[in-house]
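Asker: Each residue of the sequence shown is one higher than the one before, starting from 3 at the first, in my numbering.
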Amino acid sequence: MGASVINCKFDTNLLYYRDECNVILPSSVNSKNIKVLYLLHGMHGTCHDWITYTNIARLAETYKVGVVCPNAKNSFYADMKYGEPFYTFLTTDFMAYIQQTFGFSDKREDNIIAGLSMGGYGALKIAFNNPDKFCIAGSFSGVLDIANISSLVTGNEANDRKNTELFRNIYGENPNLAGSDNDLISLMKRNKTVRGYSIKDLKVYQYCGNTDFLYQFNLNFKKHAEKAGLDLKYATDGGAHEWERWGEQITLFMKEYLQ
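Structure (structure tokens):
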């Protein structure tokens, strides 16, 4: 008997529409007694991506862990200036709904968060701002140097125009993200503390392939993480920004922290 994949549709006042998520439950366990992994999608993704493109359901069964895949559109897991308050939703109403519906633990030591690309950034942002709610955070090819990536000019006029509009919708006109609670490097330097837990109490996993367009940004994050004294495990290989690598990495991540 394998894990069950449950698609949930629910209403929330924060988003003003009916949303959905996927929850993976391993067989033959009491949901109150297992760890929970919140797994975030990337740009243009949905709550179905991890289940469609990786073996996450089999991994959930192997390691007897609950997996929760939410939706966050192209929000960078922020409370959008011109859009929905996804950060507040995910860290309040959504987690409460998941815990109440499935009986999952709300203890810090039982909750883990990870994601790919935009979701890698989102996972670390949520964990860094809520170190009292999570014990482990993972990023696979994450957009971790947000203060610099948001002003990146690629030379492709159409893409640059789309990126400018995207970040305007999220952060407003001419955003200055450096030093804000959206800036992971700033959060590390400040070692944000919530209810007695700080960022340094987190175990952090960071992966980025050396042919990924985000590689140099990840190296910059790594440099600052090491300087800040984070409990960081860093991994790289010859990979690009691709599902094959993320499938490999979620396997290694779960083996590292859930075996």
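Where a beta carbon is used, it is the ideal one built from N, C-alpha and C, also for glycine.
Applying the 10 Å Cβ sphere with the 16-neighbour rule, what's the burial state of Ser30?
Answerer: The count along the sequence shown starts at 1 and reaches residue 30 at position 28. Exposed, because fewer than 16 other Cβ atoms sit within 10 Å of the Cβ of Ser30.
Asker: In three-state DSSP terms, what is Thr195?
Answerer: In the sequence shown, residue 195 corresponds to position 193, counting from 1. In this structure, Thr195 counts as strand in the three-state DSSP scheme.
Asker: Using 8 Å as the cut-off, can you tell me whether the region 199–216 makes contact with the region 238–247, which would need three or more C-beta pairs spanning the two stretches below that distance?
Answerer: yes
Asker: Return the chain-ordered ranges of every alpha helix (DSSP H) run that is complete within the region 106–182 and spans a minimum of 4 residues.
Answerer: 120–131, 148–151 and 159–173
Asker: What is the DSSP secondary structure of Thr56, counted as helix, strand or coil?
Answerer: Stepping through the sequence shown from its first residue, residue 56 is reached at position 54. Three-state DSSP puts Thr56 in coil, outside helix and strand.
Asker: Return the first residue and the last residue of the alpha helix (DSSP H) that Phe12 is part of.
Answerer: Indexing the sequence shown from 1 puts residue 12 at position 10. Where Phe12 is concerned, there is no enclosing alpha helix (DSSP H), although the beta strand (DSSP E) around it starts and stops at Ser6 to Thr14.
Asker: Take Lys127 and list the residues in its own chain whose beta-carbon comes closer than 7 Å to its own, dropping the five residues that flank it on each side.
Answerer: The residue you call residue 127 lines up with position 125 of the sequence shown. Same-chain partners within the cutoff: Tyr79, Asn184 and Leu186.
Asker: Within the 8 Å Cβ cut-off, does Tyr55 reach chain B?
Answerer: Absence of chain B from the displayed structure is noted, only one protein chain being present.
Asker: Any idea which residues DSSP pairs Gly68 with across the strands?
Answerer: The residue labelled residue 68 in the question sits at position 66 within the sequence shown. Answer by DSSP bridge pairing, in chain order: Val38.
Asker: Can you give the Cα-Cα distance for Asp147 and Phe91, rounded to whole angstroms?
Answerer: Sequence index remark: in the sequence shown, residue 147 carries index 145 (1-based). Sequence index remark: in the sequence shown, residue 91 carries index 89 (1-based). Roughly 23 Å between the two C-alpha positions.
Asker: Measure the alpha-carbon distance for Ile138 versus Asn131 and round it to whole angstroms.
Answerer: Position 136 of the sequence shown, counted from the start, is the residue given in the question as residue 138. Position 129 of the sequence shown, counted from the start, is the residue given in the question as residue 131. Distance between the alpha carbons of Ile138 and Asn131 is about 13 Å.
Asker: What is the DSSP secondary structure of Glu22, reduced to helix, strand or coil?
Answerer: Within the sequence shown, residue 22 is the residue found at index 20, counting from 1. Here Glu22 sits in strand by DSSP.
Asker: Name the DSSP beta bridge partners of Val206, please?
Answerer: To locate residue 206, count along the sequence shown from 1; it is residue 204. Val206 pairs with Ala139 and Leu234.
Asker: Enumerate in chain order the residues of its own chain whose CB-to-CB distance from Leu61 is below 6 Å, with the five nearest sequence positions on each side excluded.
Answerer: Start at 1 with the first residue of the sequence shown, and residue 61 comes out as number 59. Excluding sequence neighbours, Leu61 sits near Met256.
Asker: Near Ile8, what residues of its chain come up, given a Cβ to Cβ distance below 8 Å and the 5 sequence neighbours on each side ignored?
Answerer: Sequence index remark: in the sequence shown, residue 8 carries index 6 (1-based). Excluding residues within five positions, the ones whose Cβ falls inside 8 Å are Asn24, Val25, Ile26 and Leu27.
Asker: So, do the region 100–110 and the region 32–40 have three or more beta carbon pairs nearer to each other than 8 Å?
Answerer: yes
Asker: Counting C-beta neighbours from all protein chains within 10 Å, is the total for His43 16 or more, i.e. buried, or is it exposed?
Answerer: Against the sequence shown, residue 43 aligns to sequence position 41. Flag for His43 reads buried.
Asker: Is the region 108–121 touching the region 70–89, taking contact as three or more C-beta pairs under 8 Å?
Answerer: yes
Asker: So, using beta-carbon positions, are Ser200 and Pro133 closer together than 8 Å?
Answerer: Locating residue 200 in the sequence shown gives position 198, where the first residue counts as 1. Locating residue 133 in the sequence shown gives position 131, where the first residue counts as 1. Going by C-beta atoms, Ser200 is nearer than 8 Å to Pro133.
Asker: Assuming Lys37 and Val67 form a contact by the criterion Cβ under 8 Å, report the distance between their Cβ atoms to the nearest whole angstrom.
Answerer: Numbered from 1 along the sequence shown, position 35 holds the residue referred to as residue 37. Numbered from 1 along the sequence shown, position 65 holds the residue referred to as residue 67. About 5 Å separates the Cβ atoms of Lys37 and Val67, confirming a contact at the 8 Å cut-off.
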